[in-house]
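Enquirer: The numbering of the sequence shown is full-length UniProt numbering, which starts it at 1 and goes up by one.
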Amino acid sequence: MSKLLYSVTMSADGFIAGPGGDMSWLTAHLGPNPLVDGLIDEVGALLVGRRTFGGDDPYKGTESEGEAFGGGWDGPQIVLTHRIPETPVPGVTFAGDLATAVETAKAAAGGKYVNVLGADVARQCLAAGVLDEVLTIVAPVLLGDGVRLFDHPGGAEVRLERLRADHVPHATNLWYRVL
1 MSKLLYSVTM
11 SADGFIAGPG
21 GDMSWLTAHL
31 GPNPLVDGLI
41 DEVGALLVGR
51 RTFGGDDPYK
61 GTESEGEAFG
71 GGWDGPQIVL
81 THRIPETPVP
91 GVTFAGDLAT
101 AVETAKAAAG
111 GKYVNVLGAD
121 VARQCLAAGV
131 LDEVLTIVAP
141 VLLGDGVRLF
151 DHPGGAEVRL
161 ERLRADHVPH
171 ATNLWYRVL
């Protein structure tokens with residue numbers, strides 16, 4: 001059975017994107033990471049938020065723009081949105097509600113991971129109790145403002161169990177199971 005994994009790179013002060021969803025900071029911190037390189041083969045589908053799908057892309061302005069994992073992965077993408085476009089997008093399925101998006105993504109993943117992309121989609125998955133794991137790659141940078149890894153106004157405690165923690169020259173990988 002496919003699991004939902006939220007994998008994300010975060011600044012040391014807890015931001016996954018700069019102000020306005022700016023992802024340009026990230027490219028300086030993408031480098032060889034054996035954990036991520038191995039994970040790519042274990043991902044069967046993506047569950048993507050509309051904002052992420054629409055342009056929050058660390059590869060913006062490069063030949064890898066719009067490509068998952070910088071072009072290192074190819075497969076089905078399910079985009080959660082209330083604004084389904086009239087024109088079909090090859091390889092992309094649009095879903096209007098979380099339950100349908102999760103069900104479609106798990107079926108498309110064929111027993112591999114469904115990789116969740118987008119802070120709001122990840123938050124919705126947590127709230128619905130369907131997110132299984134979180135892989136946070138902590139980059140050695142402070143952004144000071146932007147989109148937080150997990151933002152829940154009023155607070156919400158989500159308990160995690162550490163599955164793995166390791167260091168690569170440019171980051172620290174923290175992999176958790178959601179309890």
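Quick reminder that beta carbons are idealized off the backbone N, C-alpha and C, glycines included.
Under three-state DSSP, which class holds Arg162?
Expert: Residue state, collapsed to three classes: strand.
Enquirer: Could you tell me the distance, in whole angstroms, from the CA atom of Gly14 to the CA atom of Ile137?
Expert: Computed Cα separation, rounded: 11 Å.
Enquirer: Under the DSSP definition of a beta bridge, which residues are partnered with Trp175?
Expert: Note: Trp175 sits in a beta bridge opposite Leu135, Arg164.
Enquirer: Can you find the residues in the same chain that come closer than 8 Å, C-beta to C-beta, to residue 196, ignoring five residues on each side of it along the sequence?
Expert: Since the displayed the chain opens at 1 and closes at 179, residue 196 lies outside it and no answer follows.
Enquirer: Less than 7 Å between the C-beta atoms of Ala108 and Val116, yes or no?
Expert: In this structure, Val116 does not lie closer than 7 Å to Ala108 by Cβ.
Enquirer: Measure from the alpha carbon of Leu143 to the alpha carbon of each residue in Met1, Asp22, Leu4, then state which is nearest.
Expert: Cα-wise, what sits closest to Leu143 is Asp22.
Enquirer: Let me check understanding here. Comparing Cα to Cα, which of Asp145, His29, Ala101, Gly75 lies closest to Pro90?
Expert: Of the listed residues, the one whose Cα sits closest to Pro90 is Gly75.
Enquirer: Hey, how far is the Cα of Gln77 from the Cα of Trp25?
Expert: Their backbone Cα atoms lie some 24 Å apart in a straight line.
Enquirer: Below 8 Å CB to CB, which residues in the same chain sit around Thr52 once its five sequence neighbours on both sides are set aside?
Expert: The residues are Leu117, Gly118, Val121.
Enquirer: How many Å lie between Ala128 and Gly146 at the Cα?
Expert: Roughly 24 Å between the two C-alpha positions.
Enquirer: Short check: CB of Val141 to CB of Val102, under 7 Å?
Expert: Their beta carbons are not under 7 Å apart, which means Val141 does not touch Val102 by this criterion.
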